[in-house]
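Data block below; observations after.
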Amino acid sequence: MSRDNDVPAFEGHKPQARRLAEKALEASRAGDGTTADELFAEAERLDPQAVADVLEEDLATARRGAAAQRTPTHSPDRPASSPEAAALGRNAAPGQGFHSWAARGSTGAPRTPPRHPTRLAIALEVNGQTHAITVDVRTTLLDALRDHLGLTGSKKGCALGQCGACTVLMDGKRVNACLTLAVMADSHPITTIEGLAEDGALHPVQQAFVEHDAFQCGYCTSGQIMSAVGLLTEGRGTSDAEIKEQMSGNLCRCGAYANIVDAIRAAKETV
Ligand code: FES
Ligand code: FES
């Protein structure tokens, strides 16, 4: 007789990853973000899908809890003569009132604030490839590209939206990846400097930068090129003045501005 049914299915690291993710959620709720991040990282290393499952379940539980707390206005829990009802008038006593009710509930027990996920599973579509990753909701698109996907062509200059070194295209439009949350980019096509060349041939803007010597140290260059591709795709750059205006969000500490304008003017003929 076969004993197949007696043998539990091998689940790999899934159970351990789930336990770690659940502990991470507890740490997160307790305000210990460092421990939570470490536990999530370890859990994701073992089984990213298990972490995504735990987060989904936690979110569903939070939604059910929030829905259950929405007491209708005619609820017998909140009769017209209750302190809460009085509070909705103008003569609520101190310690009573709508805010007191909202904070403690009709039973007097403290309400549990709705929980929000600290990490989310997202799909980043970068240069034509979809990457399923789980990120802290505070992760910027720039950090997701560089640290999660290993695409280090986009540079972090200021992380404040002031230098343009992190420029990428999202839905074909220029964005500062340091000011864009990774969760905002979920399912929006992203193009980075790594995705411009096709079949081993440089994009015309890349080629023009090489031919016009439009860089020195190169740190700003990927952002300059992505911004230039964006402006030309938008049909801008009809004059040197407009090129300078449209590229004003991209700084170059080496001062290669004159050659950058030359390169974009030249590339405009071929894009
Ligand atoms: S790193 Fe994003 S604008 Fe400077
Ligand atoms: S080439 Fe060095 S910062 Fe622009």
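Residues in the sequence shown are numbered from 186 upward in steps of one, following this note's numbering. Don't be surprised by glycine CBs; every beta carbon is placed ideally from N, CA and C. Remember, predicted model here, so these are calculated numbers, not experimental data.
What number of angstroms, rounded off, separates the C-alpha of Gln409 from the C-alpha of Gln201? Here the alpha carbons of Gln201 and Gln409 stand approximately 45 angstroms from one another.
Is the CB-CB distance between Ala399 and Asn444 below 8 angstroms? Their beta carbons are under 8 angstroms apart, which means Ala399 touches Asn444 by this criterion.
Select from Asp243, Gly313, Gly335 the residue whose C-alpha is nearest the C-alpha of Leu305. The candidate whose alpha carbon is nearest that of Leu305 is Asp243.
Can you list, in chain order, the residues of its chain whose CB lies under 7 angstroms from that of Ala441, leaving out five sequence neighbours each side? Closer than 7 angstroms at Cβ, skipping near neighbours: Ala399, Phe400, Gln401.
Taking Ala426 as the reference, which of Met411, Gln347, Asp447 has the closest Cα? Cα-wise, what sits closest to Ala426 is Asp447.
State the DSSP-derived secondary structure class of Arg359, mapped to helix, strand or coil. Here Arg359 sits in strand by DSSP.
Taking only the alpha-carbon atoms, compute the straight-line gap between Lys199 and Glu430 and give it to the nearest angstrom. If you take the alpha carbons of Lys199 and Glu430, they lie about 53 angstroms apart.
In the DSSP assignment, the alpha helix (DSSP H) including Val414 goes from what residue to what residue? Where Val414 is concerned, the enclosing alpha helix (DSSP H) starts and stops at 406-418.
Simplified DSSP assignment, three categories, for Gln314: When DSSP states are grouped into helix, strand and coil, Gln314 belongs to the strand group.
Distance check for Asp356 and Gln347, CA to CA, integer angstroms please. A straight-line Cα-Cα distance of about 21 angstroms links Gln347 and Asp356.
When you measure from the CB of Ala367 to every non-hydrogen atom of ligand 1, does any distance come out below 7 angstroms? Ala367: no, Cβ never under 7 angstroms from ligand 1.
Between His397 and Ala451, how many whole angstroms is the CB-CB distance? I'm expecting something under 8 angstroms. That pair is a contact at about 6 angstroms.
Following the continuous alpha helix (DSSP H) through Ala426, name the residue where it begins and the one where it ends. Ala426 -> alpha helix (DSSP H) spans 425-431.
Could you please give the first and the last residue of the uninterrupted alpha helix (DSSP H) stretch that includes Ser339? Neither: Ser339 is in no alpha helix (DSSP H) and is coded neither H nor E.
For Cys405, which residues from the same chain have a beta carbon less than 6 angstroms from its beta carbon, with the 5 sequence-adjacent residues on both sides left out? Within its own chain, the residues whose Cβ lies closer than 6 angstroms to the Cβ of Cys405, once the five positions on either side in sequence are excluded, are Ala350, Cys437, listed in chain order.
Val395: buried (16+ other C-beta within 10 angstroms of its C-beta) or exposed? Under the 10 Å beta carbon count, Val395 is surrounded by fewer than 16 other beta carbons and is classified as exposed.
Confirm the yes/no value for this check: CB of Ala441, any heavy atom of ligand 2, distance under 7 angstroms. At least one heavy atom of ligand 2 is nearer than 7 angstroms to the Cβ of Ala441, so yes.
Could you have a look at Asp328 and say whether DSSP puts it in helix, strand or coil? The answer is helix: DSSP assigns Asp328 an H, G or I state.
Hey, Ala362 and Val320 are a contact pair by Cβ (cut 8 angstroms); roughly how many whole angstroms apart? Actually they do not touch by this definition, with Cβ atoms about 13 angstroms apart.
Collapsed DSSP secondary structure at His284 in the structure displayed: Caution applies to His284, whose pLDDT of 42 falls short of 50 and renders its modelled position unreliable; the model cannot decide the point.
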